[in-house]
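The next block holds one structure in the form of C-alpha cells; read it before the comments.
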Amino acid sequence: MATETEYDLIVIGSGPGGQKAAVAAAKLGKKVAVVEHGHMLGGVCVNTGTIPSKTLREAVMYLTGMNQRELYGSSYRVKEKITPADLQERTSHVIRREIDVIRDQLVRNRVDLYLGRASFADANTVTVEGRDESEHRTLTGDFIVIATGTTPRRPDGIDFDAERVLDSDEIVSLDFIPTSMVVVGAGVIGIEYASIFAALGTKVTVVEKRDTMLDFCDPEVVEALAFHLRESKVTFRFGEEVTSVDVSPTGTLTCLASGKQIAAEAVMYSAGRTGRTEALDLKAAGLEADGRGLLEVDDQFRTKVKHIFSVGDVIGFPALAATSMDQGRLAAYHAFDEPVHDMTDLQPIGIYTIPEVSFVGATESELTEKAIPYEFGVSRYRELARGQIAGDSYGMLKLLVSTEDRKLLGVHIFGSSATELVHIGQAVMGCGGTVDYLVDAVFNYPTFSEAYKVAALDVMNKMRSVESFHKAMADKEEEPADA
Ligand SMILES: Cc1cc2nc3c(=O)[nH]c(=O)nc-3n(C[C@H](O)[C@H](O)[C@H](O)COP(=O)(O)OP(=O)(O)OC[C@H]3O[C@@H](n4cnc5c(N)ncnc54)[C@H](O)[C@@H]3O)c2cc1C
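Below you can see the structure in the form of C-alpha cells.
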C-alpha cells in the first residue's frame with residue numbers, strides 16, 4: 001500500500017548532481033529523500049560512464065605496460081594475453097567500492113533512499129514505483145531537484161544488440177576484446193574509448209560527420225593526439241556519415257555515405273546523449289523538456305517552477321561529473337537561502353585519452369579571434385628529468401600569457417598527468433596570478449610540475465625579446481640626427 005512521506009527536499013537521481021544536492025541539504029539540517037532506479041546508485045557516473053571508463057583505462061595502461069615501452073622496448077607487456085575478465089575485475093571492484101561510499105554517505109547524513117522510478121503526480125508530489133507494489137511510495141517535498149542525467153542517443157535504423165553494436169553505456173560490459181572496431185562519433189567519449197581499445201591492440205576506425213575532432217581544444221594538442229592515435233593504428237574518417245551497420249555471426253559491416261565499407265568485429269556508437277526526462281511526467285509538475293529531453297534552468301538552477309531545481313547532464317552543457325556535483329550543491333544552497341558564490345567560469349576540461357589532454361582558460365584561437373595580445377611558452381616533457389624517468393617523450397605543456405598585464409590566460413597540457421597538472425594553472429588563474437609567480441616559484445624536482453616553470457621562462461624570454469626590440473627602436477629614435 002502507498003504511504004505518504006513529507007520532505008524538505010526530494011532529489012530524483014543519485015548521480016553526482018543528485019548526491020551532492022542531497023548531502024548539501026542534509027548538512028543544512030533538512031529532511032531529504034533521494035529516489036533512484038534500483039540498479040544505478042551513483043548514476044551513469046559510477047555505473048556506466050566516468051568511473052568504469054577511467055578504471056578500464058587504468059587497467060589497460062597497467063596491463064599493456066604501454067607507459068613503460070619507451071624505457072623497456074615496444075614488446076614490453078605486463079600481461080601477454082589480456083582478457084575481458086582482467087579488465088572487468090578491476091572495474092567491478094571500483095564500482096562496488098564507489099557505490100558503497102555513496103550509500104554510506106547517504107546513510108551518515110540521514111538521507112532516505114527510495115529505490116524505484118520517480119514521476120511527478122503534481123508540482124510537490126513524487127510517486128515512486130518500486131519493484132513491487134509494497135515498495136510503491138508517494139513523497140511530498142517543499143523543494144525538488146531533478147538530476148536524472150542522460151542516456152546515449154541511438155540513431156534510427158541501427159540495430160543495437162549489446163553484443164557487436166553497442167552504445168557508450170554498454171561498451172564497458174563488452175565480453176570480448178575485438179581485433180577491429182568502428183567508433184562512430186569523435187567527441188570526448190568516442191575518442192577516449194578509441195584510444196583505450198587502440199592501446200589493447202584493436203584496429204580502430206573513427207567515423208565523424210564533422211571535419212575535425214575536439215575543436216574546443218588547442219589545435220596543436222589535438223594534432224599531437226591525432227598523431228599519437230594514428231601511430232597506434234587508429235584510422236580517422238572525418239567528414240563521413242554512416243548509412244548502415246549490418247551484423248553477421250562473425251562481425252559487422254559499416255557502410256558510409258561515400259560508399260566506403262568497413263568490416264570490424266564491433267561497432268560503438270557515441271553520437272550524443274538525450275535527457276532522461278521521458279518517464280518523469282513533467283507535465284504534471286508544470287514543466288516540459290526541449291527536443292533533446294533537456295530542462296532549462298536559470299543561474300540558480302531553478303526551472304520555471306521556482307521550487308523545482310534541475311542539475312547535471314539533464315540541463316545540458318558542460319555535462320560533466322565535475323560540474324554536476326557543484327551544480328547539485330549550489331541548487332540545494334539556493335533552495336534553502338544559504339549564501340553562495342556563483343559557479344566560476346574557470347573550469348578545467350579533462351580528456352582521458354591515452355595520452356591524456358587537459359586545459360583551462362582560453363585557447364590560442366579564442367584569443368586571436370578576440371584580438372587579445374598574448375605570448376605563449378612551451379615545455380616539452382622530454383626536456384624534463386621527470387619526463388625521462390617516466391618514459392614520456394611526447395608530453396607538452398603550453399602557457400598563454402597576456403602581454404598587457406602578464407596574467408595567465410590559458411594552460412594546455414598533453415601527456416602524463418595532464419588532468420592533475422592543470423589544477424596548478426587553474427589555481428594561479430583563479431587567484432589572478434601572473435607568469436612571474438611561475439617564474440619565481442620553486443617546484444619539487446624531478447616533477448612534471450616543473451613544466452610550468454620551464455614554459456613560464458619561455459614566455460618571459462619571448463616577451464623580453466619583443467621588449468628589447470622596442471627599446472632598441474626607442475633608443476634609435478632618441479639618438480641625435482647627426483650622431
Ligand atoms: C563514457 C563516459 C565517460 C565520462 N567521463 C567523464 C569524465 O571523465 N569526467 C567527468 O567529469 N564526466 C565524465 N562523464 C560525464 C558524467 O558521467 C556525467 O556528467 C555525470 O554522470 C552526470 O551526473 P548526473 O548527476 O547529472 O546524472 P547521472 O550520473 O546520469 O545519474 C542520473 C541518475 O538518475 C537516475 N534516474 C533517471 N531517471 C530516474 C527516475 N525517473 N527515477 C529514479 N531515478 C532516475 C538514473 O538511474 C541515474 O542513476 C562521462 C560520461 C560517460 C558516458
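Residue 435 in full-length UniProt numbering is what sits at position 435 of the sequence shown, and the numbering runs on without skipping anything.
Glycine residues also receive a C-beta, built at the ideal position from the N, C-alpha and C atoms.
Quick caveat: nothing in here was measured; it's all calculated off a predicted structure.
**Q.** 7 Å Cβ shell around Cys-45 - same chain, five flanking residues per side excluded
**A.** Your numbering for residue 45 matches position 45 in the sequence shown. Excluding sequence positions up to five before and after Cys-45, its CB lies within less than 7 Å of the CB of Gly-15, Pro-16, Ile-51 and Ala-321, all in the same chain and listed in chain order.
Q. Less than 8 Å separating the beta-carbons of Val-401 and Val-439?
A. By 1-based counting over the sequence shown, the position of residue 401 is 401. By 1-based counting over the sequence shown, the position of residue 439 is 439. No, the Cβ-Cβ distance between Val-401 and Val-439 is not below 8 Å.
Q. So is the beta-carbon of Ile-12 under 7 Å away from any non-hydrogen atom of ligand 1?
A. Along the sequence shown, read from residue 1 onward, the residue named residue 12 stands at position 12. Because some heavy atom of ligand 1 lies under 7 Å away, the Cβ of Ile-12 counts as near it: yes.
Q) Are the CB atoms of Val-242 and Val-184 nearer to each other than 8 Å? A) Against the sequence shown, residue 242 aligns to sequence position 242. Against the sequence shown, residue 184 aligns to sequence position 184. Yes.
Q) Is the distance from the Cβ of Val-360 to the Cβ of Ala-455 below 8 Å? A) Numbered from its first residue, the sequence shown carries residue 360 at position 360. Numbered from its first residue, the sequence shown carries residue 455 at position 455. Contact flag unset, no.
Q.
According to DSSP, simplified to helix, strand and coil, what is Thr-419?
A. As a first step, residue 419 must be located in the sequence shown, where it is residue number 419. In the three-state DSSP reduction, Thr-419 falls in the helix class (H, G or I).
Q. So Val-23 packs on Gln-105, CB below 8 Å; how close in whole Å?
A. Along the sequence shown, one-based indexing puts residue 23 at 23. Along the sequence shown, one-based indexing puts residue 105 at 105. That pair is a contact at about 6 Å.
Q: With distances taken Cα to Cα, identify the nearest neighbour of Thr-419 among Phe-176, Gly-410, Ile-349 and Asp-86.
A: Within the sequence shown, the letter at position 419 stands for residue 419. Nearest option by C-alpha distance: Ile-349.
Q) Are there three or more Cβ pairs, one per stretch, closer than 8 Å when the stretch 303-320 is compared with the stretch 266-278? A) Verdict: yes, contact present.
Q. For the candidate residues Ile-189, Met-460 and Thr-202, whose alpha-carbon lies nearest to that of Glu-375?
A. Here residue 375 refers to the residue found at position 375 when the sequence shown is read from its first residue. Per the Cα distances, Met-460.
Q. How far does the alpha helix (DSSP H) with Cys-431 in it reach, from first residue to last?
A. Position 431 of the sequence shown holds residue 431. Element bounds for Cys-431: n/a, residue is neither H nor E.
Q) By how many angstroms is the C-alpha of Asp-169 removed from the C-alpha of Thr-250? A) Counting from one through the sequence shown, the residue named residue 250 turns up at place 250. Counting from one through the sequence shown, the residue named residue 169 turns up at place 169. So the two alpha carbons sit approximately 22 Å from each other.
**Q.** Spatial distance of Asp-474 from Glu-467 (CA atoms)
**A.** On the sequence shown, residue 474 is found 474 positions in, with the first residue counted as 1. On the sequence shown, residue 467 is found 467 positions in, with the first residue counted as 1. A quick correction: the sequence has Ala, not Asp, at residue 474. If you take the alpha carbons of Ala-474 and Glu-467, they lie about 10 Å apart.
**Q.** Residues near Glu-98 in its chain [Cβ-Cβ closer than 8 Å; skip 5 each side]
**A.** The residue you call residue 98 lines up with position 98 of the sequence shown. If we look at Glu-98 and ignore the five residues flanking it on each side, its Cβ neighbours are Gly-42, Val-46 and Ile-51.
(Q) Closer than 7 Å to a non-hydrogen atom of ligand 1 - does that hold for the CB of Leu-166? (A) Residue mapping note: residue 166 aligns to position 166 of the sequence shown, counting from 1. Leu-166: no, Cβ never under 7 Å from ligand 1.
Q.
By alpha-carbon positions, which one of Ala-59, Val-442, Thr-127 and Leu-71 ends up nearest to Asp-281?
A. By one-based count along the sequence shown, residue 281 stands at place 281. Comparing Cα-Cα distances from Asp-281 to each of Ala-59, Val-442, Thr-127 and Leu-71, the minimum goes to Thr-127.
Q: Could you give the DSSP three-state label for Thr-91: helix, strand or coil?
A: Counting from one through the sequence shown, the residue named residue 91 turns up at place 91. Per DSSP, reduced to three states, the secondary structure at Thr-91 is helical.
Q: Measure the alpha-carbon distance for Ala-371 versus Phe-176 and round it to whole angstroms.
A: For the purposes of this step, residue 371 is taken as the residue at position 371 of the sequence shown. For the purposes of this step, residue 176 is taken as the residue at position 176 of the sequence shown. Looking at the two C-alpha atoms, the distance is approximately 51 Å.
Q. Beta carbon of Met-40: closer than 7 Å to some heavy atom of ligand 1?
A. In the sequence shown, the residue the question calls residue 40 occupies position 40. Answer for Met-40: yes, Cβ within range of ligand 1.
Q | Boundaries (first-last residue) of the beta strand (DSSP E) holding Ala-257 | A | Within the sequence shown, residue 257 is the residue found at index 257, counting from 1. Under the DSSP assignment, Ala-257 falls outside any beta strand (DSSP E); it carries neither an H nor an E label.
Q: Between the Cα of Thr-179 and those of Lys-81, Asp-86 and Gly-187, spot the shortest distance and give me the residue it belongs to.
A: Here the question's residue 179 lines up with position 179 in the sequence shown. The shortest Cα separation from Thr-179 among Lys-81, Asp-86 and Gly-187 belongs to Lys-81.
(Q) Taking DSSP's pairing of strands, which residues face Pro-152 in a bridge? (A) Here residue 152 refers to the residue found at position 152 when the sequence shown is read from its first residue. Answer is Arg-273, bridged to Pro-152.
Q. Could you give the residue range of the alpha helix (DSSP H) that holds Val-23?
A. Indexing the sequence shown from 1 puts residue 23 at position 23. Element bounds for Val-23: 16-27.
Q.
Would you say the beta carbon of Lys-100 is closer than 7 Å to some non-hydrogen atom of ligand 1?
A. Against the sequence shown, residue 100 aligns to sequence position 100. For the sequence presented, residue 100 should be read as Asp rather than Lys. Because no heavy atom of ligand 1 lies under 7 Å away, the Cβ of Asp-100 does not count as near it: no.
(Q) Using C-beta distances below 6 Å, list every residue in its chain close to Ala-186, excluding the 5 sequence neighbours before and after it, in chain order. (A) Numbered from 1 along the sequence shown, position 186 holds the residue referred to as residue 186. Once the five neighbours on either side are set aside, the close Cβ partners of Ala-186 are Val-206, Glu-208 and Met-213.
Q. Does the beta carbon of Pro-355 fall short of 7 Å from some heavy atom of ligand 1?
A. The count along the sequence shown starts at 1 and reaches residue 355 at position 355. Pro-355 Cβ: outside cutoff for every heavy atom of ligand 1.
(Q) Is Ala-322 a contact residue of ligand 1, with contact defined as CB to any heavy atom under 7 Å? (A) Numbered from its first residue, the sequence shown carries residue 322 at position 322. Under cutoff, so the answer is yes.
(Q) Under 7 Å: does the beta carbon of Lys-54 sit that close to some heavy atom of ligand 1? (A) Walking along the sequence shown from the start, residue 54 turns up at place 54. Within the cutoff, so yes.
Q: Determine contact between the stretch 5-13 and the stretch 141-151, defined as no fewer than three beta-carbon pairs at a distance below 8 Å.
A: With three or more CB-CB distances shorter than 8 Å, the stretch 5-13 counts as touching the stretch 141-151.
Q | Check whether Gly-38 and Arg-131 have beta carbons under 8 Å apart | A | Locating residue 38 in the sequence shown gives position 38, counting from the first residue. Locating residue 131 in the sequence shown gives position 131, counting from the first residue. The Cβ atoms of Gly-38 and Arg-131 lie closer than 8 Å to each other.
Q: Could you check how far apart the C-beta atoms of Thr-138 and Asn-124 are, in whole angstroms? I think they sit under 8 Å.
A: Counted from its first residue, the sequence shown places residue 138 at position 138. Counted from its first residue, the sequence shown places residue 124 at position 124. About 11 Å separates the beta carbon of Thr-138 from that of Asn-124, a gap too long to meet the 8 Å contact definition.
Q. Should Ile-308 be counted as a contact of ligand 1 given a C-beta to heavy atom distance under 7 Å?
A. Within the sequence shown, residue 308 is the residue found at index 308, counting from 1. Every heavy atom of ligand 1 is 7 Å or more from the Cβ of Ile-308, so no.
Q | Any alpha helix (DSSP H) of 4 or more consecutive residues that is wholly inside the stretch 158-210 | A | Correct list: 188-199.
Q) Just checking my contact of Ile-424 with Tyr-452 at CB under 8 Å: how many whole Å lie between their CB atoms? A) Indexing the sequence shown from 1 puts residue 424 at position 424. Indexing the sequence shown from 1 puts residue 452 at position 452. Right, the Cβ-Cβ distance comes to about 6 Å (below 8 Å), so this counts as a contact.
Q.
Could you tell me which whole alpha helix (DSSP H) segments of length 4 or greater appear in the stretch 283-361?
A. Annotation: the stretch 283-361 contains the following complete segments of the alpha helix (DSSP H) (minimum length 4 residues), in chain order: 321-335.
Q | Beta-carbon proximity list for Thr-403, same chain, < 8 Å, skipping 5 on both sides | A | To locate residue 403, count along the sequence shown from 1; it is residue 403. The answer, listed in chain order, is Pro-373, Tyr-374, Glu-375, Met-463 and Val-466.
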